[in-house]
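See below for the structure under consideration.
Numbering (our numbering), first residue to last: 3 to 334.
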């Protein structure tokens, strides 16, 4: 009795294993679901997908949705896109949404957009429901030197034809910022920008900023305009400070040159005094030589000494008189 029970259990385990292997290679339930939905596909095709390492459900389920929507797709198109690394379910959903919105979109175009790394379903939804992109605060300076800070909202719609190879949102934001800077910079006064902010929108829209991008700009609305710093006055102050430092440097250079010239003149004075002392030291030698040569007599030499002594005495008396006069004045 126990042997027969063990045999039954072994047979049941073998049957379960065989059924699991069979169902893994032969997706019968998926095949039945496809037939019930009106999708004609053979079980051999599903087995061949397994051999090509393609998950049958990733192909059959989107094919069922496409067939129900009347897109007219075949299994080879979906399988080739899956093998290329695309998202079959997202492409089919985008085709259905485009059909409902009456947007012309073919499978090859949608597959190319998906393989390019863009969300084709989101692109179709953006074509139906435009998206608003808010730019960061753009600072620009008017001609009067006043800074103006502008924030804009750009309403864009996806351009299906330019999704492959077209620039993204960053390019739109950069071009809008450039247009804002150009418009504010060409204004004579910041008051003109504050009074007519719509002039920025008109000028920017006329530039055709959506050329070469994956979007179509519908409108540009100025969300906020604020007055910033007085850049002109700040630059003038900086320039004046720089001129001041330059003038101080030049003045210091002239003072240094004057001090150097003064020291040079003092050195020359000392040099001339040295020459005078040197010349005076030669006078006694010349007198001695004249006495030996008999060019002057002894009496002449004595008279010269008397004159010098008399001169020194007069000078000493004069100095004493000056000192007495200074003392009397200070006493008073």
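Where a beta carbon is used, it is the ideal one built from N, C-alpha and C, also for glycine.
Original post:
With distances taken between CB atoms, is the gap from residue 182 to residue 140 smaller than 9 Å?
Top reply: yes
Original post:
Does the beta-carbon distance from residue 178 to residue 206 come in below 9 Å?
Top reply: yes
Original post:
Alpha carbon to alpha carbon, what distance is there between residue 171 and residue 56?
Top reply: 35 Å
Original post:
Do residue 216 and residue 169 have their C-beta atoms closer together than 9 Å?
Top reply: yes
**OP:** Could you check how far apart the C-beta atoms of residue 159 and residue 220 are, in whole angstroms? I think they sit under 8 Å.
**Re:** 6 Å
Original post:
Unbroken alpha helix (DSSP H) runs of length 4 or more, entirely within the stretch 71-135: which are they?
Top reply: 77-85, 90-102, 109-117, 122-130
Original post:
Which parts of the stretch 191-226 are runs of the alpha helix (DSSP H), unbroken and 4 residues or longer, counting only runs that do not cross its ends?
Top reply: 192-197, 200-208
Original post:
So is residue 81 buried or exposed if we call it buried at 16+ other beta carbons inside 10 Å?
Top reply: buried
Original post:
What are the start and end residues of the beta strand (DSSP E) that includes residue 148?
Top reply: 148-160
**OP:** List the DSSP bridge partners of residue 228.
**Re:** 151
Subject >> Contacting residues, own chain, Cβ-Cβ under 6 Å from residue 223 (five flanking each side not counted) >> reply: 155
Subject >> Proximity below 9 Å, CB of residue 129 to CB of residue 105 >> reply: yes
Original post:
Looking only at C-alpha atoms, which of 71, 74, 102, 110 sits nearest to residue 86?
Top reply: 110
Original post:
Is the stretch 228-236 in contact with the stretch 144-152, if contact means three or more CB pairs nearer than 8 Å?
Top reply: yes
Subject >> Simplified DSSP assignment, three categories, for residue 142 >> reply: strand
**OP:** Measure the C-alpha to C-alpha separation of residue 204 and residue 114 and round it to an integer number of angstroms.
**Re:** 35 Å
**OP:** Buried or exposed for residue 131, please, with buried defined as at least 16 other CB atoms from any protein chain shown within 10 angstroms of its CB.
**Re:** exposed
**OP:** Assign residue 318 to one of two classes, buried (16 or more other C-beta atoms within 10 Å of its C-beta) or exposed (fewer than that).
**Re:** exposed
Original post:
Which residues in the same chain have their Cβ closer than 8 Å to the Cβ of residue 187, if we skip the five residues on either side of it in sequence?
Top reply: 142, 143, 144, 145
Original post:
Between residue 84 and the rest of its own chain, which residues show a CB-CB distance below 7 Å, the 5 nearest in sequence each way excluded?
Top reply: 56, 60, 61, 90
Original post:
Which whole-angstrom value is the C-beta distance of residue 93 and residue 122, which I expect to be below 8 Å?
Top reply: 6 Å
Subject >> C-beta atoms of residue 341 and residue 64 nearer than 9 Å >> reply: A question about residue 341 goes unanswered here, because the residues of the chain that appear run from 3 up to 334.
Subject >> Unbroken stretches of the beta strand (DSSP E), 3 residues or longer, contained in the stretch 241-301 >> reply: none
Original post:
Could you give the distance in angstroms between the alpha-carbon of residue 198 and the alpha-carbon of residue 96?
Top reply: 42 Å
Subject >> Whether residue 174 touches residue 211 by CB criterion (9 Å) >> reply: yes
**OP:** Please name the residue, chosen from 102, 262, 88, that lies closest to residue 120 on a Cα-to-Cα basis.
**Re:** 88
**OP:** Report the option in 202, 157, 137, 213 whose CA atom is closest to the CA atom of residue 167.
**Re:** 213
Subject >> Beta-carbon contacts of residue 39 that lie in its chain and below 8 Å, excluding the five residues immediately before and after >> reply: 66, 69, 70
Subject >> Straight-line Cα distance separating residue 256 from residue 276 >> reply: 30 Å
**OP:** Measure the CB-CB distance between residue 201 and residue 189 and report whether it falls below 9 Å.
**Re:** yes
Original post:
For the putative contact between residue 289 and residue 303, defined by C-beta atoms under 8 Å, what is the C-beta separation to the nearest angstrom?
Top reply: 7 Å
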